[in-house]
Amino acid sequence: MSRSGKRTGYAGSVAIVGVTTLAAAVLHTHVEPSDLTMLYLLSVVICAIAFGRGPAVAAALLSVALFDFLYVPPRFTFRVSESHYLVTFAVMLVVAVVTGTLTAHVRDQREKVLLRETRLASLHRLSHDLAVRGSASEVLAAAVGRIGDVLGVSAAASLPDGRGGVTLAAGDASVVGPEPERAAVVSAMLHARALGAPYGVPAGVRGVHLPLATGARVNAVLSLRAPEGAPPFDSERLEMLRAFTNLTALALERCRLTDEARAVQTRVEAEQARSALLSSVSHDLRTPLAAIAGAASALRDAGGGLEPDARRELVETIAQEAHRLNRLIGNLLEMTRLESGAPRVRKEWHSLEEVIGSSLTLLEPELGDRRVRVALAPALPLIPLDDVLFEQVVRNLVENANKYSPPGKPIEIRASIEDGNLRLEILDEGAGFAAGEEARLFEKFYRGSRAAAAPGVGLGLAICRGIVEAHGGTIEAANRPEGGARFTVRVPIEGAPPAVEDEPPVEPIAGDSV
Amino acid sequence: MATPAAADSETRTSGAPAVVLVVDDEHAIRRFLRAGLESQGYRIVEATSGEEGIAQAATCAPDVILLDLGLPDIDGLAVLRRIREWSQTPIVVLTAREQERDKVEALDGGADDYVTKPFSMPELLARMRVGLRHRARVGREAATVIDSGPLRIDLAKRRVTLGGAVVSLTPIEYRLLTTLARHAGRVLTHKFLLGEVWGPAYTSQHHYLRVYMAQLRNKIEPDPGRPRLLMTETGVGYRMAETEDA
Numbered sequence: 098m099s100r101s102g103k104r105t106g107y108a109g110s111v112a113i114v115g116v117t118t119l120a121a122a123v124l125h126t127h128v129e130p131s132d133l134t135m136l137y138l139l140s141v142v143i144c145a146i147a148f149g150r151g152p153a154v155a156a157a158l159l160s161v162a163l164f165d166f167l168y169v170p171p172r173f174t175f176r177v178s179e180s181h182y183l184v185t186f187a188v189m190l191v192v193a194v195v196t197g198t199l200t201a202h203v204r205d206q207r208e209k210v211l212l213r214e215t216r217l218a219s220l221h222r223l224s225h226d227l228a229v230r231g232s233a234s235e236v237l238a239a240a241v242g243r244i245g246d247v248l249g250v251s252a253a254a255s256l257p258d259g260r261g262g263v264t265l266a267a268g269d270a271s272v273v274g275p276e277p278e279r280a281a282v283v284s285a286m287l288h289a290r291a292l293g294a295p296y297g298v299p300a301g302v303r304g305v306h307l308p309l310a311t312g313a314r315v316n317a318v319l320s321l322r323a324p325e326g327a328p329p330f331d332s333e334r335l336e337m338l339r340a341f342t343n344l345t346a347l348a349l350e351r352c353r354l355t356d357e358a359r360a361v362q363t364r365v366e367a368e369q370a371r372s373a374l375l376s377s378v379s380h381d382l383r384t385p386l387a388a389i390a391g392a393a394s395a396l397r398d399a400g401g402g403l404e405p406d407a408r409r410e411l412v413e414t415i416a417q418e419a420h421r422l423n424r425l426i427g428n429l430l431e432m433t434r435l436e437s438g439a440p441r442v443r444k445e446w447h448s449l450e451e452v453i454g455s456s457l458t459l460l461e462p463e464l465g466d467r468r469v470r471v472a473l474a475p476a477l478p479l480i481p482l483d484d485v486l487f488e489q490v491v492r493n494l495v496e497n498a499n500k501y502s503p504p505g506k507p508i509e510i511r512a513s514i515e516d517g518n519l520r521l522e523i524l525d526e527g528a529g530f531a532a533g534e535e536a537r538l539f540e541k542f543y544r545g546s547r548a549a550a551a552p553g554v555g556l557g558l559a560i561c562r563g564i565v566e567a568h569g570g571t572i573e574a575a576n577r578p579e580g581g582a583r584f585t586v587r588v589p590i591e592g593a594p595p596a597v598e599d600e601p602p603v604e605p606i607a608g609d610s611v
Numbered sequence: 186m187a188t189p190a191a192a193d194s195e196t197r198t199s200g201a202p203a204v205v206l207v208v209d210d211e212h213a214i215r216r217f218l219r220a221g222l223e224s225q226g227y228r229i230v231e232a233t234s235g236e237e238g239i240a241q242a243a244t245c246a247p248d249v250i251l252l253d254l255g256l257p258d259i260d261g262l263a264v265l266r267r268i269r270e271w272s273q274t275p276i277v278v279l280t281a282r283e284q285e286r287d288k289v290e291a292l293d294g295g296a297d298d299y300v301t302k303p304f305s306m307p308e309l310l311a312r313m314r315v316g317l318r319h320r321a322r323v324g325r326e327a328a329t330v331i332d333s334g335p336l337r338i339d340l341a342k343r344r345v346t347l348g349g350a351v352v353s354l355t356p357i358e359y360r361l362l363t364t365l366a367r368h369a370g371r372v373l374t375h376k377f378l379l380g381e382v383w384g385p386a387y388t389s390q391h392h393y394l395r396v397y398m399a400q401l402r403n404k405i406e407p408d409p410g411r412p413r414l415l416m417t418e419t420g421v422g423y424r425m426a427e428t429e430d431a
């Protein structure tokens, strides 16, 4: 009980005894003085119940003094003529002490129970709070809020920053800074040691810094600072604080373990993807190589003994497979370059017709006699793009269309301007792709479920996406309602194409006219 | 392609086989070049480093030089510049993939043409032939009529006909076409074309070239979207296709 509470208790005792004395003054003409003692006894019991032992004893002493002075003959003196009054006084004192002690004990018990209840309730709330937090910083934010509220202090939490220092994760920054507070936080983190009153108090440190540790591992530091002038934490609150920090430390550990498990999972998946990729790539590299080596050794060993047709077949195999190998290595290199993230898009204003034209020229051997219709919007302006890279986009998309549509079916290329973007479409009349594969088609090494029969490693479209995105554009795939696939590329046109002044109209050609 | 051996090596006025200097550190490349070129009637001199290449270029008087850009000792571009200080021998550069900037630098630095590894023998022979022909023409009076398939350019009369019909060209289109035609078969860089047609102040105005090339193709190519004559060398420049020996 606080000091002011005690003073109130004694004042209350005096008041109650005063009221009793007034009542006695009214009654004493009608009753025996021994009856008045009962009245005083009652007031002592009331004081004991209401204010505890001290005020009760004070009330007993005061009652004895007043009763003796006012009502014990000879009245208005403290002398006692009849000895049995001395017994009365003793009884009043004993009653005061016993009831006061008993009630004080009962009240103490009740207060303790109440406190425990509050603490259990807030622990319960905190643990409930923490259970639903997924990350360390969320856990700390919840804990800092709850602990600050319950204890009536400013609170903050710090996490290690990975460079031997700490970083504020939640709460009031002024609690953990500046020096020497910050040094205390670092020290608590490094040495897993609580700092600040009532633990070790380094000079100048005002707060309390508690490591949130499980075993020897400190996951975070909880820092508290009581308001100016508040008393230090009592054992009750320290115990509560300990319970809070243990709970929070466990929640943090749970987060850390979850994160670790997730990281391990990711690593395992990446490892699996890498080995799948390695086996796929080495298979795809070896296949053409095997054909080349086989054909070359056949040519070497047969000497001049081969039929011209067989010889031509072998030579053709070598040339074709070498070409395929070269494309594959080119794609792998391009993918690596795109993934290295080096910005190497050199945009200039280009004629799309020219870029498409050179892509188709490069593809002539593959396309054979397949028809490719090119439908460009009339007066298509120059487009800002990197011609070397964009040529690859067109080339890969047309190559793809060629690979996945039956012979004789035409490929169509359309281009127009739409909302300030170039919209380029490559359409084929092949089988299209399975529903739901739209996005996955652009993942590297992903091969459409209908692609198994065609050669390839699944890099062409990934490269297209990489290049288009490096241009700030988008690429998407869709099945056409009439059958076949449609790939749509959009590239933003930023700025106006540079002007090229018109020349004077046609110069008549010198010399004879025809 | 089965060009008779004599046709290629005949360019040497003496009638002796043309000498090709191969500067490449890769044994496999040199071996395949020797086999391929000797069967075409060329005589081969090999150098395995830049310094050796420069020395050989001075001593063995090659008719054409095949220069790899990735040499172990000095940069191929430096070799090119040093040879060009005193020699006009045609140089065809051999480059690895995706090095457009290197190609442009080599061409602007005096190389006649390039082939990208891996290249085919016919491709290389075509580039070498153009270089040799160009060299053979130097000193002779320039032709006044250039024929390229259905296209005929009469330089004296400033008249361009396509399959007999006159094609109206603006002065810039005409200059662009004749520049390409005079170097038919050779790749010309953007910078070179802009300097020749528009003047030295325009060498970075690449979009001029794109606009006028499109106009020219519209007038000359049957299908401007799939050009057969005015070919794009993406990232490098343009080349007029070589349709017959001029």
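Protein sequences, first through last, are from chains A and B. Taking the numbering used here, the leading residue of the first sequence gets 98, the next gets one more, and so forth. Taking the numbering used here, the leading residue of the second sequence gets 186, the next gets one more, and so forth. Note that CB positions come from ideal geometry on N, CA and C, so glycine has one too.
Rounded C-alpha distance that separates residue i from residue j
| i | j | result |
| --- | --- | --- |
| T188/B | I405/B | For T188/B, the pLDDT reaches just 41, beneath the cut-off of 50, and the residue's location in the model is therefore unreliable, leaving the point undetermined. |
| E308/B | T433/A | 29 Å |
| P328/A | V273/A | 20 Å |
| I389/A | A416/A | 8 Å |
| A407/A | I229/B | 31 Å |
| Y182/A | A162/A | 12 Å |
| A593/A | M313/B | 42 Å |
| A145/A | V116/A | 16 Å |
| S219/A | V247/A | 7 Å |
| E276/A | V191/A | 58 Å |
| L265/A | A253/A | 7 Å |
| Y423/B | T329/B | 22 Å |
| A582/A | A574/A | 7 Å |
| S332/A | R339/A | 10 Å |
| N493/A | T301/B | 19 Å |
| G400/A | V412/A | 13 Å |
| A220/B | L414/B | 32 Å |
Classification of residue i by the beta-carbon crowding that lies within 10 angstroms, buried from 16 upward
| i | result |
| --- | --- |
| I250/B | buried |
| D609/A | Residue confidence is low: D609/A scores 46 on pLDDT, short of 50, so the model does not pin down where it sits. Its coordinate-derived value is still stated next. Result: exposed. |
| H288/A | exposed |
| M186/B | Legend: pLDDT at M186/B = 40, less than 50; position of this residue unreliable, no value from coordinates given. |
| C245/B | exposed |
| G454/A | buried |
| T371/B | The question names Thr, yet the displayed sequence has Arg at residue 371/B. By the 10 Å Cβ count, R371/B comes out buried. |
| L309/A | buried |
| S379/A | exposed |
| F173/A | exposed |
| R395/B | buried |
| S194/B | Legend: pLDDT at S194/B = 44, less than 50; position of this residue unreliable, value from coordinates given subsequently. Buried, since its Cβ has 16 or more Cβ neighbours within 10 Å. |
| A270/A | exposed |
Beta carbon of residue i nearer than 9 Å to that of residue j
| i | j | result |
| --- | --- | --- |
| L521/A | V586/A | yes |
| A267/A | G242/A | yes |
| G295/B | L256/B | no |
| L171/B | I331/B | No answer is possible for residue 171/B: it lies beyond the span of chain B, which begins at 186 and ends at 431. |
| V142/A | A201/A | no |
| T500/A | G553/A | Note on residue identity: the sequence assigns Lys, not Thr, to residue 500/A. Cβ atoms of K500/A and G553/A: closer than 9 Å. |
| Y393/B | V452/A | no |
| V289/B | T374/B | yes |
| S234/B | I259/B | yes |
| V442/A | A567/A | yes |
At 4 residues or longer, and completely inside the segment 305-343 of chain B: list those alpha helix (DSSP H) runs for me, N to C.
The qualifying runs are 306-322.
Could you tell me which whole beta strand (DSSP E) segments of length 3 or greater appear in the segment 240-325 of chain A?
Segments of the beta strand (DSSP E) lying fully in the segment 240-325 of chain A: 251-257, 263-268, 305-311, 314-322.
Hey, which unbroken runs of the alpha helix (DSSP H) at 4 residues or more fall wholly within the segment 330-412 of chain B?
Within the segment 330-412 of chain B, the complete alpha helix (DSSP H) runs of at least 4 residues fall at 356-367, 375-382, 391-405.
Check whether the segment 381-390 of chain A and the segment 409-428 of chain A are in contact - that is, three or more C-beta pairs closer than 8 Å.
Touching, yes.
Validate contact between the segment 345-362 of chain A and the segment 233-243 of chain A using beta carbons, cut 8 Å, 3 pairs:
Contact holds: three or more Cβ-Cβ distances are below 8 Å.
Pairing CB atoms from the segment 345-352 of chain B with CB atoms from the segment 265-278 of chain B, are three or more of them under 8 Å?
As far as the Cβ criterion goes, the segment 345-352 of chain B does not touch the segment 265-278 of chain B, which means the pair count is below three.
Does the pairing of the segment 331-346 of chain B with the segment 355-374 of chain B give three or more beta-carbon distances under 8 Å?
By the Cβ criterion, the segment 331-346 of chain B is in contact with the segment 355-374 of chain B, since at least three pairs of Cβ atoms, one from each stretch, lie closer than 8 Å.
Taking a cut of 7 Å between CB atoms, which residues from the segment 479-501 of chain A lie near chain C?
Absent from the structure is chain C; the protein chains it does hold are A and B.
Alpha helix (DSSP H) segments (min. 4 residues) lying fully within the segment 445-483 of chain A
449-464, all fully within the segment 445-483 of chain A.
So within the segment 133-188 of chain A, which uninterrupted alpha helix (DSSP H) runs reach at least 4 residues, ignoring any that extend past its ends?
If one requires a minimum length of 4 residues, the alpha helix (DSSP H) runs lying completely within the segment 133-188 of chain A are 150-168, in chain order.
Identify every run of the alpha helix (DSSP H) within the segment 230-289 of chain B, keeping only runs that are complete inside it and at least 4 residues long; order them along the chain.
The segment 230-289 of chain B contains these whole alpha helix (DSSP H) runs: 235-244, 261-269.
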